[in-house]
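Numbering (our numbering), first residue to last: 6 to 184. Just so it is clear, CB atoms sit at the ideal spot from N, CA and C, and this is done for glycine as well. Since this is a predicted model, take the numbers as computed values, not measurements. Single-structure report; data block below.
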């Protein structure tokens, strides 16, 4: 930009060429932006595109898994969480989200593995309110309201605005007749 400005000042006849070049650059940027808008439609589209370009890495796999999980597509989400964990087996995010997907199935035999994943996630991120809330939910599934209460309170200490932690705490207190 500065070079173009200096050139136009030094050679006034180059002003038209510089203007045409600037218009061409703007048009090229608009065309490229138009193509990218399709890729950036939503999280699933964005991270699917990232993985088409390069299927490696825990971040795009984990975030595509989260996108699928939010859509209720838990089996697909699990595939991407598994891939993310191949690249980083101790990252709390895919561990915790994978556990939630397991809890959402009707297969109760997955609950012990979900608990193990949540324990690993808390080892990596002991004060993450979402993971603490997920552990509270797991204890609720296991029929342990005192532990649900404990982890809900820990989640609220980490994030006082956590709606999920408040709901889990309320359920735990109600189950224990502490209302």
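Selected residue, minimal CA-CA separation from residue i, among the options
| i | options | result |
| --- | --- | --- |
| residue 170 | 61, 82, 143 and 119 | 143 |
| residue 71 | 47, 128 and 94 | 47 |
| residue 80 | 90, 96, 59 and 103 | 103 |
| residue 135 | 184, 152 and 162 | 162 |
| residue 93 | 146, 62 and 113 | 62 |
| residue 77 | 15, 108 and 17 | 108 |
| residue 113 | 148, 133 and 33 | 148 |
| residue 132 | 158, 26 and 110 | 158 |
| residue 111 | 21, 16, 146 and 30 | 146 |
Short Cβ contact (8 Å threshold) for residue i with residue j
| i | j | result |
| --- | --- | --- |
| residue 178 | residue 154 | yes |
| residue 156 | residue 172 | no |
| residue 160 | residue 130 | no |
| residue 106 | residue 82 | yes |
| residue 150 | residue 181 | yes |
| residue 13 | residue 19 | yes |
| residue 35 | residue 73 | no |
Span of the alpha helix (DSSP H), counted from its first residue to its last, around residue i
| i | result |
| --- | --- |
| residue 130 | Element bounds for residue 130: n/a, residue is neither H nor E. |
| residue 109 | 97–109 |
| residue 70 | 63–75 |
| residue 173 | 168–180 |
| residue 157 | 150–163 |
| residue 147 | Run containing residue 147: none; DSSP gives neither H nor E here. |
| residue 115 | Neither: residue 115 is in no alpha helix (DSSP H) and is coded neither H nor E. |
| residue 85 | 79–92 |
Inspect the CB distances between the stretch 56–74 and the stretch 89–101 and report whether three or more fall short of 8 Å.
yes
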